[in-house]
Structures are given as C-alpha cells and as structure tokens.
Amino acid sequence: MTTLSSATAPATTSAVSPAEPPARFRDLIASEWIKTRSLRSTPWVLACIILFVIGSAAVATLSDKAAGSEPNSFLAYDAFSAPGYMTLILVAGSMGALSVVSEYSSGLIRTTLAAVPARGAVVLAKAVVTAVLWTAVGTAAALGSFAVSQAILHGHGAAVPLAHPDVLRPLVASALLAPVCATTGLGLAVLLRHAAATMLTSAFTLLMLPTMFSESNRWSADIKHTIISAAWTRLVQIWEPDPGSLGYTATLPGCWIVYTLWPLATVALAVAVVRHRDV
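The opening position of the sequence shown corresponds to residue 745 in my numbering, with each subsequent residue numbered one higher.
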C-alpha cells in the first residue's frame, strides 16, 4: 500500500509597501512653521521688537516740541520713529538669517535635505514662512506705533485718522520693512552658511552701508537709493523734495522696486546656489 504525501506549500503573498510620496510644498511650509514656533525664544523676540517699535514712536511723539502746531498734518517720523525701525531692520535681518544658519550649525540641515532632496523647495518654504511671519510682525508694529502716536497727539488736537491721505504710504512701507529685511537676511544666510559672516554682512548691508553715501553727488546718491533702509526713509517722507535742493532724491517707484528686488534677488540666488553645491 502506497501512501502519497502531498506537501502543499503555503501561499505567500509579498506585501510591498508603497513608496512614500514626495513631500508637497505645503508639507515643507508646515515643517518650517513647526521649526519656527517650536523655538521658545521666537515669540519673546517678536513681542519685544514690536513693543520697542511702539515705544520708540511714543518717545518720539512726546519729545516733538512742534507737535500740535499744524493740526491737520501727519507727523510721519513721530508715528514711524527712525530709531525703532532701524532696530527692526537689524532684528528682522538677524532672525531671518538665524532660521538658516542655526540649522547649518546644528547639522539639522543635513537631515532636512536628506528627507527632501529638492533643496530649492526647502529654501522657498523657509522664505514663505519668514515672509508671512514678519509681515504679521511688521503690520502689528506699524499699526501699533501709529495708534500710540495719534493717541498722544490727540491731547494736542493734532491727531489724524487712519484714512488721512498721507498715512497709507508710510504705514505700508513700515509694515513691509520687516519681511523685506527678514527675507533678505535668509537669502544671505543660505549663500554664506556662517553665522558670524551672515550677521556682519546683514547688519552692514542693511544699516551701515547707507551712511557711507550722501545725496550730494549723483553716483553716491544712486548707490544709496538702492539700499533698503534708504528706501524706507524716502517712503516715510510725506513732503515733496525741494526742486531747488542740491541733493538727489530717490523716486517713490524706485523705492518700491528696491523693496521688491532685494528679497526676490537674494532668495532666487540662494535657490540657484543651493541646488549646485554640497551641504
């Protein structure tokens, strides 16, 4: 008697895990936002710079002996005090740079680029988050400084409403100053990748460089007018330049172009460079 033993092999199904989809741009933005808000120092720095800008406007308005002499005029340099906004330029440029150089110094950038090989998209996501965050900060600082200055001037009968024809341009220029400088600092940080070099370059370019040039000579004025802080100074100036003046004054369209080109050019250059170099 023959026994047939049939060995039946169990059917094995190979479970192939589907490949992970590439990170979408909104995923990169969410990741960069998590990095930004997870730093406990970020809200403190933002709150302090907003309060400093508003406080500078209050001090400038209280110190202005001519306040109230012309009841219907808008005192732009009281509402948007130069010391407050020069400090805002420095802080915004530094914080924009730190969002990049901190990752280079800690080595986190290697993990980020290993997870997302599209290096240009990473830089763009950082730029978007930085621009949106600092637009909110700049808007809060500009509206707050305007409101405080007008509250003080109300006691002198010299306050103007937000709808005053001279308010809009200085207000918008002051609100956009923060994102323009922060995004420019970010682009410089991607290009330089070194904290000290980036901070020095950012401070020199945004703050100290305009003091080296005057408006008495055409070539010197042309260079000065291409710098962000000089463009802000002209945009906040609500009076027209004297036609008989010996100086060369920047045009308003040219100042808005400066606002646009600096962040776009630095970020575009950073995207182009980061695609063709090692971490």
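Just so you know, even glycine gets a beta-carbon here, dropped at the ideal spot from N, CA and C.
query = In chain order, which continuous runs of the alpha helix (DSSP H) of length 4 or greater are located wholly inside the stretch 779-837?
reply = 785-807, 820-823
inquiry  = What residue range does the alpha helix (DSSP H) around T993 cover?
reply    = On the sequence shown, position 249 is the one that residue 993 refers to. Where T993 is concerned, there is no enclosing alpha helix (DSSP H), given that its DSSP letter is neither H nor E.
- Would you call V1018 buried or exposed, if buried means 16 or more other Cβ atoms sit within 10 Å of its Cβ? To locate residue 1018, count along the sequence shown from 1; it is residue 274. Looking at its Cβ environment, which holds 16 or more other Cβ atoms inside 10 Å, V1018 is buried.
For this session: Answer yes or no: do L880 and L915 have a C-beta to C-beta separation smaller than 8 Å?
Result: On the sequence shown, position 136 is the one that residue 880 refers to. On the sequence shown, position 171 is the one that residue 915 refers to. Checking the sequence, you will find Ala at residue 880 rather than Leu. No.
inquiry  = Within 10 Å of its beta-carbon, does T995 have 16 or more other beta-carbons around it, so buried, or fewer, so exposed?
reply    = The residue you call residue 995 lines up with position 251 of the sequence shown. T995 comes out exposed.
Close Cβ partners of F957 (< 6 Å) along its chain, the five nearest in sequence each way excluded:
The residue given as residue 957 occupies position 213 in the sequence shown. Cβ within range, chain order: S964, I967, K968.
So does S918 have its beta carbon nearer than 7 Å to some heavy atom of the ligand PLP? Inclusion of the ligand PLP in the displayed structure is not the case, the ligand content being empty and no account of it being possible.
According to DSSP, is H1020 helix, strand or coil?
-> Taking the first residue of the sequence shown as 1, we reach residue 1020 at position 276. Three-state result, H1020: coil.
Practice task
Could you tell me which of S785, T993, P787, I896 sits nearest to T805, measuring between CA atoms?
Solution key: The residue given as residue 805 occupies position 61 in the sequence shown. Of the candidates S785, T993, P787, I896, the one whose C-alpha sits nearest the C-alpha of T805 is I896.
Exercise. On a CA-only basis, which of G888, A941, D808, V934 is nearest R863? Give me that one, please.
Key: Within the sequence shown, numbered from 1, the residue matching residue 863 stands at position 119. Of the candidates G888, A941, D808, V934, the one whose C-alpha sits nearest the C-alpha of R863 is V934.
Requested in this report: Pair every Cβ in the stretch 1005-1013 with every Cβ in the stretch 916-935, then say whether three or more of these pairs are closer than 8 Å.
Outcome: yes
Would S946 and S838 be called neighbours here (beta carbons separated by less than 8 Å)?
Within the sequence shown, numbered from 1, the residue matching residue 946 stands at position 202. Within the sequence shown, numbered from 1, the residue matching residue 838 stands at position 94. A contact, by the Cβ cut-off of 8 Å.
Residue environment, F818, which counts as buried when at least 16 other CB atoms sit within 10 Å: Translated into positions along the sequence shown, residue 818 becomes position 74. F818 should be labelled buried.
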